[in-house]
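Novice: Take this structure, written in structure tokens, and hold onto it; I'll ask about it next.
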Amino acid sequence: MEIIEGERSGSIMYVYEGFVFRRKSKIKEKMYISCTFNGCEATAHIQGEDFILKRPHNHAPEDMRVEKLRLRSDLRKIAEKHRGLGMKRAFEETCKRYQNAAEFVSYNAFKSTMYRTKQVQTPPNPQDLTDYANILSREEGGHWAKTIEEQRRPFFHKLIENNKDDWKAVIFICPTLSSLMETTNTVLVDGRTTYEDIMLQLRAYQLFTVHVLHMGHFFPVMYALISRKTEACYRGVLGEVVINVCPGSRASVHTILSDYDSGMMKAAAFTWPHATVVGCFFHFVQAVYHKHISENMTELTKHSVSARTVLRMLMALVLLPAHLMGEGLDLVWQYTVLHELQSQFRPLFEYMRAFWLTAVGPDTCSVYNQLHRTTNALEAFYFQLQRIERRPSIWEFTGGLQMIQRDAAADVSRLNSGSAVKCTRKKRQALQDKQIRKAWAMLEGDRYSLMEVLTELAHAVMGLEERLRSESLSAVHGSPDTLPSSQQELPYTGTLLNTDSGHGGTDK
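Read left to right, the sequence shown gives residues 282 to 789 (our numbering).
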């Protein structure tokens, strides 16, 4: 016999051989129960461990109802046990164990029940980053301050702040993964404003993360909620990690992947002075495409093949060697003159020359011949964050970070033991990578002109341009489920972050 929680919270049901009973009365040690099926007069009594059926049932066992009851009961237990867990993620993981019953229990219908269960357990919402750190340091926040692995270890590291430069940061360190930073030769740094309600509540600006390359894959080792997007703040956070947690990384790291945030790149170069900072190809492509939108050029590139070719060559410019980027831009300009497009493209060319070639600089922009030329590996990480909840509380968000840390540690353990970890690579990634490497090979010797190389690279970025166009159209038409490229949902691959290297594709 199985005792299980009923449909109503707090009610108890008794399950025996697929039939569901409720309690009627109890006399001394004997409990009398009756079948809950409408119209069934079956009764039984329980004494000790003995179950004695007194009157038979007039229906078949309710196997599906029993599975639904078990599912609901487990969901309530999950909400109580994993208090920091994102509700939607908890719901999905639990439903996998009850696939038949899950078809009849929707997330929206059950969300309020799970929230009521969970809100009893969670600490009060913090007012800012300092309050957040204080709660994590106390007993009431102990659950969220540790990992959720079998051996619970410290996850919340500390609050650091600098009153002079007016910044503060709450830092989380993955204890089972931080040692990887001592031996890795490549790190990836990124800052993203995600879950704006949480950032507003904590008076934070963004989530700043550090990932390390291990056996061909990137894994997160540090998360920091920071109050300012400044070089001083980035320096402070990275310095805390390198000096007090992973001092060996200062010598081991020789490549840093980053987006084109000036403060972040300077802070990374200061922290790892012997490393080369590499920009992100996709961030560049995205910036050029969005600039062309802001200049009201979408109709032009939609209807003109030549205009589309110009846009794609501009998007591919950073795939050239740094010393050829200026010449490449001049060649593309000549192409616009040839096709009488110079007046329409003049603002975009001024932007390319003033910002990318002058302010940022070709040496920083160029990803030519780089093994890792994009930070798109991060998109899988941000997809996981999006799965926590559409509008999570700060504690659900923290629980989401705990889950990502747990799953990443498990993936590293599997890799270290020689097991494979699922990480799918799309055909379009392989095709794009093949085209880029073909164009790079064309640069060797004098057989092909630079314009021919640019034309080949324009073909390589065609898929990216088409995808960005599709996303912008979806956004214009108001699709509620459409995310920008920086948050586009990918096929779920656990916490594994594909390097998207020169041998692994560049498209996310």
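Cβ coordinates follow ideal geometry from the N, Cα and C atoms, glycine included.
For clarity, every value in this text was computed on a predicted model and none was experimentally measured.
On the DSSP letters alone, give me the boundaries of the alpha helix (DSSP H) that residue 415 sits inside.
Specialist: For the purposes of this step, residue 415 is taken as residue 134 along the sequence shown, with counting starting at 1. Residues 410-418.
Novice: Which term fits residue 282, buried or exposed, when burial requires 16 or more other beta carbons within 10 angstroms of its beta carbon?
Specialist: Here the question's residue 282 lines up with position 1 in the sequence shown. That one is exposed.
Novice: So, helix, strand or coil for residue 324, using DSSP?
Specialist: Reading the sequence shown from its first residue, position 43 is the one you call residue 324. The answer is strand: DSSP assigns residue 324 an E or B state.
Novice: Between the alpha carbons of residue 299 and residue 496, how many angstroms are there, rounded?
Specialist: Along the sequence shown, read from residue 1 onward, the residue named residue 299 stands at position 18. Along the sequence shown, read from residue 1 onward, the residue named residue 496 stands at position 215. Residue 299 and residue 496: Cα-Cα distance of roughly 49 Å.
Novice: Closest to residue 581 by C-alpha separation, out of 473, 558 and 621, would be which residue?
Specialist: Residue numbering aside, residue 581 sits at position 300 when the sequence shown is read from its first letter. Of the candidates 473, 558 and 621, the one whose C-alpha sits nearest the C-alpha of residue 581 is 621.
Novice: Within 10 Å of its beta-carbon, does residue 746 have 16 or more other beta-carbons around it, so buried, or fewer, so exposed?
Specialist: Locating residue 746 in the sequence shown gives position 465, counting from the first residue. Buried is the call here.
Novice: Pull up the distance between the alpha-carbon of residue 841 and that of residue 413, whole angstroms please.
Specialist: Residue 841 lies beyond the range of the chain shown here (282 to 789); nothing can be said about it.
Novice: Thinking just about the alpha-carbon of each residue, which of 690, 562, 452 and 588 is nearest to the one in residue 514?
Specialist: Walking along the sequence shown from the start, residue 514 turns up at place 233. That would be 452, whose Cα lies nearest to the Cα of residue 514.
Novice: Hey, how far is the Cα of residue 553 from the Cα of residue 533?
Specialist: Position 272 of the sequence shown, counted from the start, is the residue given in the question as residue 553. Position 252 of the sequence shown, counted from the start, is the residue given in the question as residue 533. Rounded to whole angstroms, residue 553 to residue 533 spans 9 Å at the Cα level.
Novice: Distance check for residue 373 and residue 324, CA to CA, integer angstroms please.
Specialist: Against the sequence shown, residue 324 aligns to sequence position 43. Against the sequence shown, residue 373 aligns to sequence position 92. Rounded to whole angstroms, residue 324 to residue 373 spans 37 Å at the Cα level.
Novice: For residue 458, which of 702, 697, 740 and 727 has the nearest alpha-carbon?
Specialist: Taking the first residue of the sequence shown as position 1, residue 458 is located at position 177. Among 702, 697, 740 and 727, the Cα nearest to that of residue 458 is on 697.
Novice: Using the C-alpha atoms, what's the distance from residue 462 back to residue 530?
Specialist: On the sequence shown, position 249 is the one that residue 530 refers to. On the sequence shown, position 181 is the one that residue 462 refers to. Approximately 6 Å between the Cα atoms of the pair.
Novice: For residue 548 versus residue 519, is the C-beta distance shorter than 7 Å?
Specialist: Against the sequence shown, residue 548 aligns to sequence position 267. Against the sequence shown, residue 519 aligns to sequence position 238. For residue 548 and residue 519, yes; Cβs fall inside 7 Å.
Novice: Thinking C-alpha only, which one of 594, 571 and 429 is nearest residue 753?
Specialist: Your numbering for residue 753 matches position 472 in the sequence shown. Checking every option, the nearest Cα to that of residue 753 belongs to 571.
Novice: Under a three-way DSSP split, which group does residue 651 fall into?
Specialist: As a position in the sequence shown, residue 651 is number 370, starting the count at 1. It is coil, neither helix nor strand.
Novice: Go to residue 304, then tell me how far its beta strand (DSSP E) extends in each direction, as first and last residue.
Specialist: Working through the sequence shown from its first residue, we reach residue 304 at position 23. First-last of the beta strand (DSSP E) with residue 304: 300-308.
Novice: Tell me which residues share the same chain as residue 512 and place their Cβ nearer than 7 Å to its Cβ, disregarding the 5 neighbours each side in the sequence.
Specialist: What you label residue 512 is simply residue 231 of the sequence shown in a count that begins at 1. Hits under 7 Å: 544, 547 and 548.
Novice: Using a threshold of 7 Å, state whether the C-beta atoms of residue 379 and residue 343 are closer than that.
Specialist: Counting from 1 along the sequence shown, the entry for residue 379 is found at position 98. Counting from 1 along the sequence shown, the entry for residue 343 is found at position 62. For residue 379 and residue 343, no; Cβs fall outside 7 Å.
Novice: In terms of alpha-carbon separation, which member of 483, 446, 578 and 353 lies closest to residue 516?
Specialist: Reading the sequence shown from its first residue, position 235 is the one you call residue 516. Selected option, being the one with the closest Cα: 446.
Novice: Kindly indicate which residue of 719, 468, 663 and 345 has the alpha-carbon position closest to the one of residue 600.
Specialist: Indexing the sequence shown from 1 puts residue 600 at position 319. Nearest of 719, 468, 663 and 345 to residue 600, Cα basis: 719.
Novice: Compare the beta carbon distance of residue 474 and residue 487 with 7 Å and say whether it is the shorter of the two.
Specialist: In the sequence shown, residue 474 corresponds to position 193, counting from 1. In the sequence shown, residue 487 corresponds to position 206, counting from 1. In contact: residue 474 and residue 487 (Cβ atoms closer than 7 Å).
Novice: Put residue 487 into one of helix, strand or coil per three-state DSSP.
Specialist: Taking the sequence shown and counting its residues from 1, the one referred to as residue 487 is at position 206. Looking at residue 487 - three-state DSSP - the assignment turns out to be strand.
Novice: For the region 729-739 against the region 491-511, are there 3 or more C-beta pairs whose distance is under 8 Å?
Specialist: Segments in contact, no.
Novice: Could you round the C-beta distance between residue 448 and residue 508 to whole angstroms and report it? I think they count as a contact, below 8 Å.
Specialist: Taking the sequence shown and counting its residues from 1, the one referred to as residue 448 is at position 167. Taking the sequence shown and counting its residues from 1, the one referred to as residue 508 is at position 227. Indeed, because the Cβ distance is near 5 Å, the residues count as touching under 8 Å.
Novice: Have a look at residue 504 and residue 492 and give me their C-alpha separation to the nearest angstrom.
Specialist: Translated into positions along the sequence shown, residue 504 becomes position 223. Translated into positions along the sequence shown, residue 492 becomes position 211. Their backbone Cα atoms lie some 9 Å apart in a straight line.
Novice: By the 10 Å Cβ neighbour count, where 16 or more other Cβ atoms means buried, how is residue 523 classified, buried or exposed?
Specialist: Along the sequence shown, one-based indexing puts residue 523 at 242. Looking at its Cβ environment, which holds 16 or more other Cβ atoms inside 10 Å, residue 523 is buried.
Novice: On the CB-based measure, 16 or more other CB atoms within 10 Å of its CB, does residue 555 come out buried or exposed?
Specialist: Locating residue 555 in the sequence shown gives position 274, where the first residue counts as 1. It is exposed - the Cβ of residue 555 has fewer than 16 other Cβ atoms within 10 Å.
Novice: Can you round the beta-carbon distance between residue 542 and residue 609 to whole angstroms, since I take them to be within the 8 Å contact cut?
Specialist: Along the sequence shown, read from residue 1 onward, the residue named residue 542 stands at position 261. Along the sequence shown, read from residue 1 onward, the residue named residue 609 stands at position 328. Incorrect: roughly 24 Å between the Cβ atoms, too far for contact.
Novice: DSSP three-state label for residue 334, please.
Specialist: Reading the sequence shown from its first residue, position 53 is the one you call residue 334. Of the three classes helix, strand and coil, the one that applies to residue 334 here is strand, per DSSP.
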